[in-house]
Amino acid sequence: MAEGGAPDLEGLDLEGTVAWRAVLAETEGRLAAAGLPVREARWIVEEASGGATAADLDELATVRGMARHDAMVERRLAGEPLQYVLGRWAFRTLDLMVDRRVLIPRPETEVVAGLALLEVDRRVEGRPVGGDGDPVLVADLGTGSGAIGLSVAAERLGTRVWCVDASADAVVVARANCAGLGRPARRVVVSEGSWFDGLPDDLAGRLDVVVSNPPYVAPDEYLPSEVVDWEPESALFAPDDGALGAGTSALRILVDGAPAWLAPGGALVLEMASDQTSAMASYAEATGYVDVAVHPDLAGRERAMVARRPA
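Everything in the sequence shown is counted per my numbering, starting at 600 for the first residue and increasing by one.
Below, the structure written as structure tokens:
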């Protein structure tokens, strides 16, 4: 028996002899011994077995399923983030493919997507959309996995969305996630380019919402090894920008560039660090934006800014 009374599966022929419930117990023990959250064992076992209910745990493990399980456990024990190990992660209503080519979607960014959706709704008021009406035009710049832009397309039928990233690898992932979106994918364009350079010229002055979760971590800021050793550096770190402070260079590019692309009354929605919000809000106001507001994340920390082009 393994520690904690769980059965020791080492060396057993698992085809038709050991239930997934026993595998789960063994996996919990291994993760706990490594100081990892025990709850992750359930996700790994569900992914390996293809089951998601308590009854599924009573099914017998197969050789194929156990091979997949063992590979995932070893990757997790080596420090690889759970999201990459599973190859997918939930974001709002979506189940996104994720791997080392893109940043892991986080709850803070779900809040940013929600703010973008509120701006979409504001633009819809008093304006016919869908059918013969004009769609609400949205650009998600630095899209990564496509989390924000694809959420907008999935949750608001009257939108047309452009998802842009400078990384060719990220574009491949975003396109794969777009393909899994179903009918809303018809209203999404995924393109490669640096910020506004990835947008077609005829969108200038017409976008209703520009939204982004850009890199905003200062190059010398500490991050856990599970983040910095695995997630793409280009999606995390941004150089300093003089008076605006550490990690703000990408944020400044977006604030400076958005007015030329936004329609009158259109909104810029940005994720940023809590110690950047004050400087960026002041800069947005000085740049000519109106209705500038800072919003908290789920933990109550200042996390996002919404600023509008004058109507």
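Don't be surprised by glycine CBs; every beta carbon is placed ideally from N, CA and C.
Under the three-state DSSP convention, the category residue i falls into
i: R638; result: coil
i: W761; result: strand
i: S790; result: strand
i: L869; result: strand
i: R755; result: coil
i: S877; result: helix
i: S811; result: strand
i: R687; result: strand
i: P704; result: coil
Extent of the continuous alpha helix (DSSP H) run through residue i
i: D991; result: Because residue 991 is not part of the residues shown, which for the chain are 600 to 910, the question remains open.
i: V816; result: No alpha helix (DSSP H) holds V816; DSSP gives it neither H nor E.
i: S848; result: S848 to G856
i: D768; result: A767 to A778
Per-residue burial, residue i [other beta carbons within 10 Å of its own, 16 or more giving buried]
i: Y683; result: buried
i: D764; result: buried
i: P823; result: exposed
i: V637; result: exposed
i: Y821; result: exposed
i: R805; result: exposed
i: L613; result: Bear in mind that a pLDDT of 46 at L613, under 50, signals an unreliable position, so the number given afterwards is only what the model happens to contain. Classification of L613: buried, given that the 10 Å Cβ count is 16 or more.
i: E627; result: buried
i: S877; result: exposed
i: G745; result: buried
i: E849; result: The amino acid at residue 849 is misidentified as Glu; the sequence shows Ala. Result: buried.
i: D913; result: There is no way to answer for residue 913, as the model of the chain reaches only from 600 to 910.
Through-space distance from residue j to residue i, alpha-carbon basis
i: V751; j: V617; result: 44 Å
i: W794; j: D874; result: 23 Å
i: V760; j: A738; result: 6 Å
i: D839; j: E832; result: 15 Å
i: R674; j: T708; result: 26 Å
i: S881; j: A892; result: 10 Å
i: M879; j: E830; result: 25 Å
i: Y815; j: T652; result: 40 Å
i: P680; j: R691; result: 20 Å
i: A898; j: E718; result: 22 Å
i: A817; j: G757; result: 37 Å
i: A845; j: D896; result: 20 Å
i: V711; j: E870; result: 6 Å
i: T661; j: N812; result: 41 Å
i: V889; j: A715; result: 16 Å
For residue i, the first and last residue of its enclosing beta strand (DSSP E)
i: V697; result: It is not in any beta strand (DSSP E) - V697 carries neither H nor E in the DSSP assignment.
i: D902; result: Per the sequence shown, the amino acid found at residue 902 is Arg instead of Asp. First-last of the beta strand (DSSP E) with R902: E901 to R907.
i: A738; result: V735 to L740
i: R629; result: Segment W619 to A632 is the alpha helix (DSSP H) holding R629; no beta strand (DSSP E) there.
i: A892; result: V889 to P895
Beta-carbon separation (whole angstroms), residue i vs residue j, contact threshold 8 Å
i: R620; j: D657; result: 6 Å
i: V789; j: D698; result: Not a contact, Cβ separation roughly 16 Å.
i: P810; j: V868; result: Sequence inspection shows Val at residue 810; the Pro mentioned does not correspond to that position. Between V868 and V810 the Cβ distance is about 4 Å, and since that is below 8 Å, they are a contact.
Residue i beta carbon near the ligand SAM (any heavy atom closer than 8 Å)
i: Y882; result: Of ligands this structure carries none, so the ligand SAM is not represented either.
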